[in-house]
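Data block below; observations after.
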Amino acid sequence: MVWLKQLRNWLRRGHRERHGVQGKRPSAEQGSAFPLALTFEEIKVLEEISRTIGASLALEQTLRAILTSARRLIDFDMAEITLWDPVRH
Numbered sequence: 011m012v013w014l015k016q017l018r019n020w021l022r023r024g025h026r027e028r029h030g031v032q033g034k035r036p037s038a039e040q041g042s043a044f045p046l047a048l049t050f051e052e053i054k055v056l057e058e059i060s061r062t063i064g065a066s067l068a069l070e071q072t073l074r075a076i077l078t079s080a081r082r083l084i085d086f087d088m089a090e091i092t093l094w095d096p097v098r099h
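Quick note: the sequence shown uses the working numbering, first residue 11, plus one each step.
Structure (structure tokens):
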């Protein structure tokens with residue numbers, strides 16, 4: 011998962027920058043794959059969701075974990091995750 015490695019490196023650079031450690035956050039001009047509008051917490055949640063998806067084959071457990079992670083960023087009473095089946099749609 012190349013994108014996850016890139017995400018992890020970007021997180022580390024962002025963390026160093028926020029805490030005064032030398033290092034630069036990628037800019038849009040540098041062709042960063044990650045929008046600069048995302049906060050550190052949002053990136054952490056995305057990484058957590060990515061690890062959850064890769065760690066379990068139990069669908070219901072995985073979907074619940076995704077919603078639990080998303081709740082840290084978005085206040086919601088109800089949520090739905092729709093699985094796309096290209097054969098049926």
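We put the beta carbon where it would ideally sit given N, CA and C, even for glycine.
Within 10 angstroms of the Cβ of residue 97, are there 16 or more other Cβ atoms? Answer buried if so, exposed if not.
So residue 97 counts as exposed.
Look up residue 73 in the DSSP assignment and say whether it is helix, strand or coil.
It is helical.
Check each candidate in 91, 67 and 79 and name the one with the smallest Cα separation from residue 56.
Comparing Cα-Cα distances from residue 56 to each of 91, 67 and 79, the minimum goes to 79.
Have a look at residue 50 and residue 82 and give me their C-alpha separation to the nearest angstrom.
Distance between the alpha carbons of residue 50 and residue 82: 13 Å.
Identify, in the order they occur along the chain, each residue of the same chain with its Cβ nearer than 6 Å to the Cβ of residue 75, setting aside the five sequence neighbours on each side.
Cβ within range, chain order: 62.
Reducing DSSP to helix, strand and coil, say where residue 34 ends up.
Bear in mind that a pLDDT of 45 at residue 34, under 50, signals an unreliable position, so the number given afterwards is only what the model happens to contain. Three-state result, residue 34: coil.
Determine the direct distance from the alpha carbon of residue 86 to that of residue 94, and round the result to whole angstroms.
For residue 94 and residue 86, the distance between alpha carbons rounds to 22 Å.
Could you check where the alpha helix (DSSP H) with residue 60 kicks off and where it finishes?
First-last of the alpha helix (DSSP H) with residue 60: 50-65.
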